[in-house]
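This report refers to the structure that appears directly beneath it.
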Amino acid sequence: MNTRSSFNKVILGAAIRDSFCKLDPRIQWRNPVMFIVYIGAMITTWFTLRDLIVESAQATVFTTQITLWLWFTVLFANFAEAVAEGRGKAQANALRSSRSQTKAKKVTNSGTILVDAVELRKGDLVFIEAGDFIPGDGEIIEGMASVDESAVTGESAPVIREAGGDKSSVTGGTRVLSDWIKIRITANPGETFLDKMISLVEGAKRQKTPNEIALTILLVGLTIVFLFAVATLAPYAAYSGVEISAAVLIALLICLIPTTIGGLLSAIGIAGMDRLLKRNVLAMSGRAVEAAGDVDALLLDKTGTITLGNRMATEFMPAPGISPEQMADAAQLASLADETPEGRSIVILAKEKYKLRERNLTSLEAEFVPFTAQTRMSGVNIKGQEIRKGAMDAIKKYTQSKGGSFPDAVDQACEKIAKAGGTPLVVADGARVLGAIHLKDIVKGGIKERFRDLRQMGIKTVMITGDNPLTAAAIAAEAGVDDFLAEATPEDKLRLIRDYQEKGMLVAMTGDGTNDAPALAQADVGVAMNSGTQAAKEAGNMVDLDSNPTKLIEVVEIGKQLLITRGSLTTFSVANDVAKYFAIIPAMFAPAFPVLNVFNLMGLATPESAILSAVIFNALIIIALVPLALRGVQYRPVGAEVLLRRNLLIYGLGGIVAPFIGIKLIDIIIVALRLV
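See below:
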């Protein structure tokens, strides 16, 4: 079953059932606007029952129709919310099924024992092999395995998880496809990441955000104003000699208050969180989604976000007196046992550019010298040669210790590489410096255009990197970011976020390490990578299940789409109410004041048909807008002025025109069917 579709049979069936369950007054009062409709429907129901006894049949039919359509209005609003919640509940049910009856091989002093996953506690050790489900959140302490995370992330491609580094975190409910791992459980039952996901994706538990609360207060204010306005019509009508029933006044009130946005408000918020979930981003609260829409500054890591992440060798720059072939040969020998992406790229560049084939280190009786944090270089000892490659200052220190000197030409080449946004790697043979290798960070295709779109929205982009300022400046210029922070430490990130916030800006950033946790906690929108540490995931208010740092840009776009959708439908709703006012009031008072017929622009047949048509339209427009509320108004990266003009033109003007057309068509049908 596709749980991500809004309108599959299972979700629709459950939504229809939940629409009636939500008629509970304890649920209805949470939405003040729709609660007024709910109370109005109950009162007109009482009038209908009374009319069956004491009033004429014609009056009873009219009141009954008003009553039915008021109840439909309430049910349609409940349905919109239930459909939005249903998508999250379907996802939650799928997640629950992924962990049902999971067994775990708990490691004890005497071996392994088979236990239920729910019996595991924080700190327990578990052995998992190919075909086993991972029973809970944990950190790999031994082994490496291919893991299928589709049950959690929705991505079919398996990922490699291994002990050590930033790929050691595993999530309960995922499955090991090959090899084996031993993990230490990091969360008790009920506290796992999967448990949090299940509770968070169920829309019924979603709290109102500050913007929703503010909008609700506005809608309540408008409702109170119209309540007083309608209440004054009763004595005015009596004074004018026009007979208006209480049912008609209630119908008028329901048509004039902002029921359209009132009925869709909750669904819009839930759908916004669901759109994030479809992109495998879990928001810890609706507040985080809204904050994403209001973000003023994006802090983005360079590696993996702006660049592809793997630096590639692009050029050999030999020292004076050294031929390019000679330098390439030494660089390749020093890199044959280097399994890093940079090392492999050096071997490939030497092969492609100078036709140097790979050599067998065993046959050459070569001794590989691994890279260490202390020496900051690696290499090979072969036939009396000591070939080394590493950072410029490390090689300079090494050659000087051998009695050599560092050529000015190589120093200038390293500076040129850094200014071009690359990383210089120097190669030496004993005391002799052979030259520099240009390692280039490859900027992702299309990233510059995305940053341009963000700039049009008024969002500032800031690149965070540990590179030196020269390299950082070159990458920033190539990628098109507005600013950069070089040689960044955790304290520097935290200070930068606070500086922006003190200027009144909302800040978003991504991170995956424990060192990112303080900045993620300080940021208004902190997106932690699912592959990152537990500290990072707990500090952020969103988790990217795909561990794709670029996703932050999509998060901002979804947040803006949520705000745009809410603003557009609010504009439509208010404009709708204005049009309905002109539809009903002239028809109601035209018999007593014929001059008002000039305002009956729709040419509605009778006061009764006008009122009933408006009530029916009021109910149907909610259900008609449900797909738009769930899908969201199409997002375009334009400025606020353009967005406002477009919003007023489409949804403001559309909100005025739609009722004139809709109510008139309904009026024609009502008269033709002789319902009034």
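If you count by the working numbering, then the sequence shown holds residues 182 to 857, one letter each, in order. By construction, the Cβ of each residue, glycine as well, lies at the ideal position given by its N, Cα and C atoms. No experiment lies behind these values; they were computed from the predicted model shown.
- Message: Between the alpha carbons of G335 and N461, how many angstroms are there, rounded?
- Response: Looking up residue 335 in the sequence shown gives position 154. Looking up residue 461 in the sequence shown gives position 280. Annotation note: pLDDT 49 at G335 (below 50); position unreliable, coordinate value reported separately. Here the alpha carbons of N461 and G335 stand approximately 7 angstroms from one another.
- Message: With DSSP as the reference, identify every bridge partner of D482, one or two as the case may be.
- Response: To locate residue 482, count along the sequence shown from 1; it is residue 301. Answer is I645.
- Message: Whole angstroms are fine: how far does the CA of R676 sit from the CA of Y219?
- Response: Here residue 219 is taken as the residue at index 38 of the sequence shown, counted from 1. Here residue 676 is taken as the residue at index 495 of the sequence shown, counted from 1. Cα to Cα, Y219 sits roughly 51 angstroms from R676.
- Meets three-Cβ-pair contact criterion under 8 angstroms: the region 481-496 and the region 512-531: With the rule of 3 Cβ pairs closer than 8 angstroms, the region 481-496 counts as touching the region 512-531.
- Report the partner residues of V614 according to the DSSP bridge assignment. Counting from 1 along the sequence shown, the entry for residue 614 is found at position 433. Answer is A609.
- Quick one: what does DSSP say W210 is sitting in, helix, strand or coil? Position 29 of the sequence shown, counted from the start, is the residue given in the question as residue 210. In the structure shown, W210 sits in coil (DSSP, three-state: anything other than H, G, I, E or B).
- Task: Count the CB pairs spanning the region 820-840 and the region 741-761 that are closer than 8 angstroms, and state whether there are at least three.
- Result: Counting Cβ pairs under 8 angstroms, three or more are found: they touch.
- Item | Spatially closest choice to G713 from K190, G221, T352, N212, by CA coordinates | Taking the sequence shown and counting its residues from 1, one reaches residue 713 at position 532. Check the Cα spacing between G713 and each of K190, G221, T352, N212: the tightest is with T352.
- Query: Within the chosen definition, does the region 630-644 reach the region 565-581 through at least 3 CB pairs nearer than 8 angstroms?
  - Reply: These segments do not touch.
- Task: Pull up the distance between the alpha-carbon of D297 and that of L358, whole angstroms please.
- Result: Looking up residue 297 in the sequence shown gives position 116. Looking up residue 358 in the sequence shown gives position 177. D297 and L358 have their C-alpha atoms some 21 angstroms from each other.
- Item | Rounded C-alpha distance that separates S327 from D360 | In the sequence shown, the residue the question calls residue 327 occupies position 146. In the sequence shown, the residue the question calls residue 360 occupies position 179. If you take the alpha carbons of S327 and D360, they lie about 7 angstroms apart.
- T752 (DSSP reduced to helix, strand or coil): Stepping through the sequence shown from its first residue, residue 752 is reached at position 571. In the structure shown, T752 sits in a helix (DSSP, three-state: H, G or I).
- Message: A263 and D199 - do their beta-carbons sit closer together than 7 angstroms?
- Response: Walking along the sequence shown from the start, residue 199 turns up at place 18. Walking along the sequence shown from the start, residue 263 turns up at place 82. The answer is yes: Cβ separation under 7 angstroms.
- Message: I believe I309 touches I315 by the beta-carbon criterion, under 8 angstroms. Please report the beta-carbon distance rounded to the nearest angstrom.
- Response: By one-based count along the sequence shown, residue 309 stands at place 128. By one-based count along the sequence shown, residue 315 stands at place 134. With a Cβ gap of about 6 angstroms, I309 and I315 count as contacting.
- Task: Compare the beta carbon distance of G707 and N696 with 7 angstroms and say whether it is the shorter of the two.
- Result: Here the question's residue 707 lines up with position 526 in the sequence shown. Here the question's residue 696 lines up with position 515 in the sequence shown. For G707 and N696, no; Cβs fall outside 7 angstroms.
- Taking the C-alpha atoms as reference points, what is the distance between P213 and T440? As a first step, residue 213 must be located in the sequence shown, where it is residue number 32. As a first step, residue 440 must be located in the sequence shown, where it is residue number 259. In this structure, the CA atom of P213 is about 10 angstroms from the CA atom of T440.
- In three-state DSSP terms, what is V814? By one-based count along the sequence shown, residue 814 stands at place 633. Assignment of V814 by DSSP, reduced to helix, strand and coil, places it in the coil class.
- Element boundaries [alpha helix (DSSP H), containing D329]: As a working note, residue 329 is residue 148 in the sequence shown. Element bounds for D329: not the alpha helix (DSSP H) but the beta strand (DSSP E), 319-329.
- Task: Tell me where the alpha helix (DSSP H) around D297 begins and ends.
- Result: Translated into the one-based positions of the sequence shown, residue 297 becomes position 116. It is not in any alpha helix (DSSP H) - D297 instead sits in the beta strand (DSSP E) that spans 292-297.
- Query: Taking buried to mean at least 16 other C-beta atoms within 10 Å of its own C-beta, is L846 buried or exposed?
  - Reply: Stepping through the sequence shown from its first residue, residue 846 is reached at position 665. Answer is exposed; the Cβ neighbour count stays below 16.
- Message: My assumption, with CB atoms under 8 angstroms, is that L437 sits in contact with F407. Please give the rounded CB distance.
- Response: Position 256 of the sequence shown holds residue 437. Position 226 of the sequence shown holds residue 407. Going by Cβ atoms, the distance from L437 to F407 rounds to 4 angstroms, so yes, they are a contact pair.
- Task: Determine the extent of the alpha helix (DSSP H) in which E596 is found, giving its start and end residues.
- Result: Mapped onto the sequence shown, residue 596 falls at position 415. Its alpha helix (DSSP H) spans residues 589-600.
- Query: Alpha carbon to alpha carbon, what distance is there between E266 and A385?
  - Reply: For this step, residue 385 is matched to residue 204 along the sequence shown. For this step, residue 266 is matched to residue 85 along the sequence shown. Its pLDDT being 42, under 50, A385 is placed unreliably in this model, and the value from its coordinates should be taken loosely. About 6 angstroms.
- Task: Give me the Cα-Cα distance between Q566 and K534, rounded to the nearest whole angstrom.
- Result: The residue labelled residue 566 in the question sits at position 385 within the sequence shown. The residue labelled residue 534 in the question sits at position 353 within the sequence shown. Rounded to the nearest angstrom, the two C-alpha atoms are 24 angstroms apart.
- Message: Taking the beta carbon of K190 as the centre, do at least 16 other beta carbons fall within 10 Å, making it buried, or is it exposed?
- Response: In the sequence shown, residue 190 corresponds to position 9, counting from 1. Residue burial is scored here from C-beta neighbours: K190 has fewer than 16 other C-beta atoms within 10 angstroms and is therefore classed as exposed.
- Message: Am I right that V819 and L479 are in contact with their C-beta atoms under 8 angstroms? What's the rounded C-beta distance?
- Response: Numbered from 1 along the sequence shown, position 638 holds the residue referred to as residue 819. Numbered from 1 along the sequence shown, position 298 holds the residue referred to as residue 479. At roughly 18 angstroms, the Cβ-Cβ gap does not stay under 8 angstroms, so V819 and L479 are not in contact.
- Message: Just verifying my parser: in three-state terms, what is the DSSP assignment at K845?
- Response: The residue given as residue 845 occupies position 664 in the sequence shown. Per DSSP, reduced to three states, the secondary structure at K845 is helical.
- Message: I want to know whether the region 637-655 touches the region 543-557 - three or more CB-CB distances under 8 angstroms.
- Response: No: fewer than three Cβ pairs fall under 8 angstroms.
- Message: Quick check: what's the CA-CA separation for G748 versus L204?
- Response: Here the question's residue 748 lines up with position 567 in the sequence shown. Here the question's residue 204 lines up with position 23 in the sequence shown. Between the alpha carbons of G748 and L204 lies a gap of roughly 27 angstroms.
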